[in-house]
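J.: Protein chains in written order, with my numbering: chain A, 5 to 165; chain B, 5 to 165.
2 protein chains.
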Amino acid sequence: MRLTRAAEYAIRCVIYLSRQGQSVLTSRQEIAEQADIPAHFLAKIAQDLAKAGLIEIRQGARGGFLLSKNPADVTLLEVVETMIGEISLNDCVARPSGCKISPCCSVHRVWLDARDQLRDSLRRVSFDQLIADASCFPSYPKALLETEGLETPLSARNDLQ
Amino acid sequence: MRLTRAAEYAIRCVIYLSRQGQSVLTSRQEIAEQADIPAHFLAKIAQDLAKAGLIEIRQGARGGFLLSKNPADVTLLEVVETMIGEISLNDCVARPSGCKISPCCSVHRVWLDARDQLRDSLRRVSFDQLIADASCFPSYPKALLETEGLETPLSARNDLQ
DNA sequence: AATATATGAGACCTTATTGATCCTATTTAC
DNA sequence: GTAAATAGGATCAATAAGGTCTCATATATT
Ligand code: SF4
Ligand code: SF4
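Dropping the structure here:
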């Protein structure tokens with residue numbers, strides 16, 4: 005297990021779509037440019053996201069991608085595991101049969117616990133949370149900032165602490 | 005970041021040495037055979053462990069490796085990070101300069117927290133804990149089992165739950 | 001219907017990393 | 001001195017990651 009570039013790009017893509025709003029169609033080119041993702045690579049990534057039911061793909065002229073779920077219902081874990089498979093940390097967690105002593109290995113149990121903890125952490129983060137903060141994320145639509153008057157949207161969240 | 009085979013072998017090696025006891029010299033061949041590690045590969049791994057001060061290497065006839073610290077003072081995190089470098093999960097955690105938006109990226113903060121949590125989990129596990137449980141670990145010395153009468157050493161720990 | 005536009009699906013390539021092996025030099029017990 | 005054992009580094013094969021390219025397909029527009 006390893007967080008690949010493809011997973012990082014997938015997260016950026018879903019963030020961009022979340023900011024656009026659910027069911028807002030956005031062209032692949034726009035996402036690629038704004039979120040700094042190689043356009044052709046994004047095409048492949050989008051296919052995986054679509055298979056997982058996270059986004060919908062519209063072909064043809066004026067085609068593109070759109071988020072098929074509410075950002076609040078999409079977790080970071082879902083997007084990550086769509087791209088890299090289920091997180092396991094160590095091979096023997098994914099395939100216990102690979103090491104014959106796994107049933108009674110004390111180290112194996114540590115990896116199991118650590119994996120569960122990591123997956124829980126990522127499951128707790130949804131995309132509505134991620135876009136709540138402002139960010140210098142390249143995809144942040146300046147137009148949105150101006151029309152909605154969110155000059156310092158970060159402050160609201162900082163005040164909570 | 006990814007847990008490599010080398011890291012897994014390093015853990016097995018340190019477990020074997022911990023079972024032998026601190027400062028007990030053990031040949032590379034014995035460790036390799038008992039813990040199921042390719043002998044030549046173990047040589048390279050041992051060099052890294054030695055550089056980190058975890059084990060000591062004795063050259064020459066009747067040479068081998070020995071644990072230079074008390075198993076209670078060696079954590080799983082130390083051994084793992086000796087082999088694969090500091091755990092970062094995502095590249096931007098290790099090198100924030102790699103992504104120019106990292107200072108105010110909400111996803112970046114999630115990776116930071118998850119990394120800290122994972123590292124803490126591994127830091128909490130020391131090798132005296134790992135060898136306290138019995139295990140079908142190939143390196144478990146049967147002789148030790150017999151002399152100390154630990155027929156069911158796993159039960160002691162299960163009773164605690 | 002024709003055309004321009006945009007993505008689908010998968011083949012393909014390049015590079016980096018991993019996992020492992022091999023060979024010669026050096027060290028130490030005897 | 002000789003045999004036994006590791007040091008240190010070169011080397012190599014296999015795998016995976018990251019990215020590109022091409023042709024097929026779908027749709028809006030005219
Ligand atoms: S020895 Fe334990 S931790 Fe290592 S691969 Fe086997 S089961 Fe997993
Ligand atoms: S966008 Fe955020 S999470 Fe992704 S690489 Fe940049 S700082 Fe890290």
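For each residue, glycine too, the CB sits at the ideal point set by N, CA and C.
#1: Rounded to whole angstroms, what is the Cα-Cα separation between TYR20/A and ILE35/A?
#2: Measuring only between beta-carbons, confirm whether MET5/B sits less than 8 Å from chain A.
#3: Does the distance between the C-beta of VAL84/A and the nearest non-hydrogen atom of ligand 2 fall short of 7 Å?
#4: So within the region 95–121 of chain A, which uninterrupted alpha helix (DSSP H) runs reach at least 4 residues, ignoring any that extend past its ends?
#5: According to DSSP, is THR30/A part of a helix, a strand, or is it coil?
#6: Which bits of chain B does GLU12/A rub up against, with CB to CB less than 9 Å?
#7: Would you kindly work out how many angstroms separate the C-alpha atoms of ALA47/A and THR8/B, rounded to a whole number?
#8: How is SER72/A classed by DSSP in three states: helix, strand or coil?
#9: Report, in whole angstroms, the separation of the C-beta atoms of ARG128/A and ILE91/A, which I expect to be a contact under 8 Å.
#10: When the Cα atoms are used, what is the spatial distance from LEU116/B to ALA65/B?
#11: Please identify, using Cβ separations under 9 Å, the residues of the region 56–74 of chain A that lie next to chain B, in order along the chain.
#12: Mapping DSSP to helix, strand and coil, what is ILE88/B?
#13: Starting from GLN121/A, find everything on chain B with Cβ-Cβ shorter than 8 Å and list it in chain order.
#14: Measuring straight from C-alpha to C-alpha, what distance separates ILE105/A and ARG32/B?
#15: Can you find a heavy atom of ligand 2 that lies under 7 Å from the Cβ of CYS103/B?
#16: Return the bridge partner residues of SER125/A from the DSSP annotation.
#17: Would you report the Cα separation of ARG123/A and ILE135/B, rounded to the nearest angstrom?
#18: Roughly how far, in whole angstroms, is the beta-carbon of ILE49/A from the beta-carbon of CYS17/A, given that I think they are within contact range, below 8 Å?
#19: Put ARG62/B into one of helix, strand or coil per three-state DSSP.
#20: To which residues does DSSP link THR79/A through a beta bridge?
#21: For a contact meaning CB atoms closer than 8 Å, what does LEU116/B contact in chain A?
T.: Taking the geometry as given:
#1: Position 16 of the first sequence, counted from the start, is the residue given in the question as residue 20/A. Position 31 of the first sequence, counted from the start, is the residue given in the question as residue 35/A. Rounded to whole angstroms, TYR20/A to ILE35/A spans 7 Å at the Cα level.
#2: The residue labelled residue 5/B in the question sits at position 1 within the second sequence. Chain A, which has a Cβ nearer than 8 Å to the Cβ of MET5/B, makes this yes.
#3: Start at 1 with the first residue of the first sequence, and residue 84/A comes out as number 80. VAL84/A Cβ: outside cutoff for every heavy atom of ligand 2.
#4: 95–98
#5: Residue 30/A sits at position 26 when you count from the first residue of the first sequence. Of the three classes helix, strand and coil, the one that applies to THR30/A here is strand, per DSSP.
#6: Start at 1 with the first residue of the first sequence, and residue 12/A comes out as number 8. Within chain B, the residues near GLU12/A are ASN94, ASP95, CYS96, CYS103, VAL111.
#7: By 1-based counting over the first sequence, the position of residue 47/A is 43. By 1-based counting over the second sequence, the position of residue 8/B is 4. Each residue's alpha carbon lies about 30 Å from the other.
#8: Counting from 1 along the first sequence, the entry for residue 72/A is found at position 68. Three-state DSSP puts SER72/A in coil, outside helix and strand.
#9: As a working note, residue 128/A is residue 124 in the first sequence. As a working note, residue 91/A is residue 87 in the first sequence. That belief does not hold up - the Cβ atoms of ARG128/A and ILE91/A are roughly 14 Å apart, past 8 Å.
#10: Numbered from its first residue, the second sequence carries residue 116/B at position 112. Numbered from its first residue, the second sequence carries residue 65/B at position 61. Near 48 Å, if we compare the C-alpha coordinates of ALA65/B and LEU116/B.
#11: none
#12: For the purposes of this step, residue 88/B is taken as the residue at position 84 of the second sequence. In this structure, ILE88/B counts as helix in the three-state DSSP scheme.
#13: In the first sequence, counting from the first residue as 1, residue 121/A sits at position 117. Under the 8 Å cutoff, chain B gives GLN121, LEU122, SER125.
#14: By 1-based counting over the first sequence, the position of residue 105/A is 101. By 1-based counting over the second sequence, the position of residue 32/B is 28. So the alpha carbons of these two residues sit roughly 21 Å apart.
#15: Against the second sequence, residue 103/B aligns to sequence position 99. Yes, the Cβ of CYS103/B comes within 7 Å of a heavy atom of ligand 2.
#16: Indexing the first sequence from 1 puts residue 125/A at position 121. Per DSSP, none; premise fails for SER125/A.
#17: Residue 123/A sits at position 119 when you count from the first residue of the first sequence. Residue 135/B sits at position 131 when you count from the first residue of the second sequence. If you take the alpha carbons of ARG123/A and ILE135/B, they lie about 27 Å apart.
#18: Translated into positions along the first sequence, residue 49/A becomes position 45. Translated into positions along the first sequence, residue 17/A becomes position 13. Going by Cβ atoms, the distance from ILE49/A to CYS17/A rounds to 7 Å, so yes, they are a contact pair.
#19: On the second sequence, position 58 is the one that residue 62/B refers to. It is a strand residue.
#20: Within the first sequence, residue 79/A is the residue found at index 75, counting from 1. Bridge partners of THR79/A: SER130/A.
#21: By one-based count along the second sequence, residue 116/B stands at place 112. Result: empty, since nearest Cβ-Cβ is about 11 Å, beyond 8 Å.
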